[in-house]
Amino acid sequence: MKKLLFAYHYFIYRLNATNEHGVHSPFVYELLTNVIYNKSDYYVYKKIEELREELLGSEKEIKVEDLGAGSLFQKSKTKKIKTIAKNAAKSAKHAQLLFRLVDHFQPLTVLELGTSLGISAAYMASANSKIKTISIEGCPETAKIAAQNFEKIEIKNVEQFIGNFDAILPDIVEKREEIDFVLFDGNHRKKATLNYFLTCLEKASENSVFIFDDINWSDEMREAWQEIKDHEQVTVTIDLFFMGIVFFRKEQAKQHFIIKF
Ligand SMILES: C[S@@+](CC[C@H](N)C(=O)[O-])C[C@H]1O[C@@H](n2cnc3c(N)ncnc32)[C@H](O)[C@@H]1O
44 MKKLLFAYHY FIYRLNATNE HGVHSPFVYE LLTNVIYNKS DYYVYKKIEE
94 LREELLGSEK EIKVEDLGAG SLFQKSKTKK IKTIAKNAAK SAKHAQLLFR
144 LVDHFQPLTV LELGTSLGIS AAYMASANSK IKTISIEGCP ETAKIAAQNF
194 EKIEIKNVEQ FIGNFDAILP DIVEKREEID FVLFDGNHRK KATLNYFLTC
244 LEKASENSVF IFDDINWSDE MREAWQEIKD HEQVTVTIDL FFMGIVFFRK
294 EQAKQHFIIK F
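In short: position in the sequence shown from 1, add 43, done, that's the numbering used here.
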């Protein structure tokens with residue numbers, strides 16, 4: 044039933060989604076043509092996709108502590124690395140978009156909620172070795188594999204935190220002057236997602252970019268996405284179905300875009 048509902052929402056998204064030709068905002072048009080639809084093949088793509096291939100072939104099992112809403116299709120406690128790589132990691136298409144977004148906006152810091160095996164963190168950190176990527180993961184064994192992965196592909200600008208977002212995010216945010224780029228990619232529950240959003244919002248500026256993964260994963264996530272769009276500080280949003288991008292640019296009229304991706 045969940046899968047059917049998901050397919051229905053995807054169908055509605057495809058009906059409503061537009062591309063750069065249906066967009067009148069110069070800011071969004073430029074983002075679409077230069078970043079979202081950019082087909083260039085960056086060197087890091089190959090390196091990280093080779094790592095993903097290796098993980099997808101790994102029979103090694105680890106004990107997984109899932110502090111979030113869990114996987115839609117897989118709930119067991121011991122998982123093979125290849126299963127985690129298949130179910131949890133962002134697709135190449137979406138992870139490469141994260142790389143291009145960091146490359147384009149050049150934030151001071153990237154904050155990621157949900158490291159898993161480190162695929163998306165590796166992409167974001169690769170955009171600029173001078174940008175620090177702070178990545179939080181609640182499962183110690185998963186975080187350990189991510190650390191090994193960063194070492195394997197020589198990524199040195201990821202700082203890992205292990206713990207429950209609920210417990211450690213407020214302190215991490217408190218210590219930062221500004222939170223300018225966030226990927227929310229763990230614990231896909233409405234209340235938790237909105238709490239993390241509000242916590243990060245305390246240090247957001249009008250140039251901040253917040254990215255929410257799996258905005259159509261469940262009714263709860265669709266509701267959370269709606270509340271985020273409605274928030275008074277939010278101006279432009281871009282719905283890519285599997286991901287939602289949020290901007291706070293003050294000169295921009297409030298507008299929500301549904302974009303084919
Ligand atoms: C979808 S995966 C992240 C995938 C990763 N960003 C990528 O694309 O490579 C979500 C991760 O968030 C972690 N997580 C979920 N809820 C959490 C919580 N409340 N605190 C800390 N970690 C949590 C899970 O253990 C899982 O590894």
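Ideal Cβ placement from N, Cα and C applies to all residues, glycine included.
Predicted model, so just to flag it, every value in this text is computed and none were measured.
Can you tell me whether residue i is buried or exposed? The criterion is at least 16 other CB atoms within 10 Å of its CB, across all chains shown.
i, result
"residue 139", "buried"
"residue 55", "exposed"
"residue 244", "buried"
"residue 116", "Unreliable positioning characterises residue 116 in this predicted model, as indicated by a pLDDT of 45, which lies under 50. The coordinate reading is nonetheless provided below. It is exposed - the Cβ of residue 116 has fewer than 16 other Cβ atoms within 10 Å."
"residue 202", "exposed"
"residue 283", "buried"
"residue 67", "exposed"
"residue 241", "exposed"
"residue 48", "exposed"
"residue 51", "exposed"
"residue 122", "buried"
"residue 144", "buried"
"residue 76", "exposed"
"residue 95", "buried"
"residue 296", "exposed"
"residue 172", "exposed"
"residue 288", "buried"
"residue 217", "exposed"
"residue 69", "exposed"
"residue 151", "exposed"
Kindly indicate the opening and closing residues of the alpha helix (DSSP H) around residue i.
i, result
"residue 280", "Premise fails: residue 280 lies in the beta strand (DSSP E), 279-282, not in any alpha helix (DSSP H)."
"residue 167", "162-169"
"residue 91", "86-99"
"residue 58", "45-59"
"residue 195", "183-195"
"residue 269", "262-273"
"residue 156", "Counting along the chain, residue 156 falls outside any alpha helix (DSSP H), though it belongs to the beta strand (DSSP E) covering 152-156."
For a test of your reading of the model: does the CB of residue i fall under 7 Å from any non-hydrogen atom of ligand 1? Yes or no.
i, result
"residue 104", "no"
"residue 109", "yes"
"residue 50", "no"
"residue 180", "yes"
"residue 133", "yes"
"residue 207", "yes"
"residue 160", "yes"
"residue 185", "yes"
"residue 155", "yes"
"residue 65", "no"
"residue 229", "yes"
"residue 138", "yes"
"residue 172", "no"
"residue 163", "yes"
In terms of residue numbering, what span does the beta strand (DSSP E) encompassing residue i cover?
i, result
"residue 122", "121-123"
"residue 201", "201-205"
Contact the region 44-60 vs the region 287-303: 3+ CB pairs below 8 Å: Segments in contact, yes.
Inter-stretch contact at 8 Å, needing at least 3 Cβ pairs: the region 131-138 / the region 201-221: Segment contact: the region 131-138 against the region 201-221, fewer than three CB-CB distances shorter than 8 Å; contact not assigned.
Given 8 Å, three or more beta-carbon pairs between the region 100-114 and the region 178-189: With a cut-off of 8 Å on Cβ pairs, the region 100-114 is in contact with the region 178-189, counting three or more such pairs.
Cβ contact (3+ pairs, closer than 8 Å) linking the region 254-262 and the region 215-231: Output reads yes: the region 215-231 touches the region 254-262.
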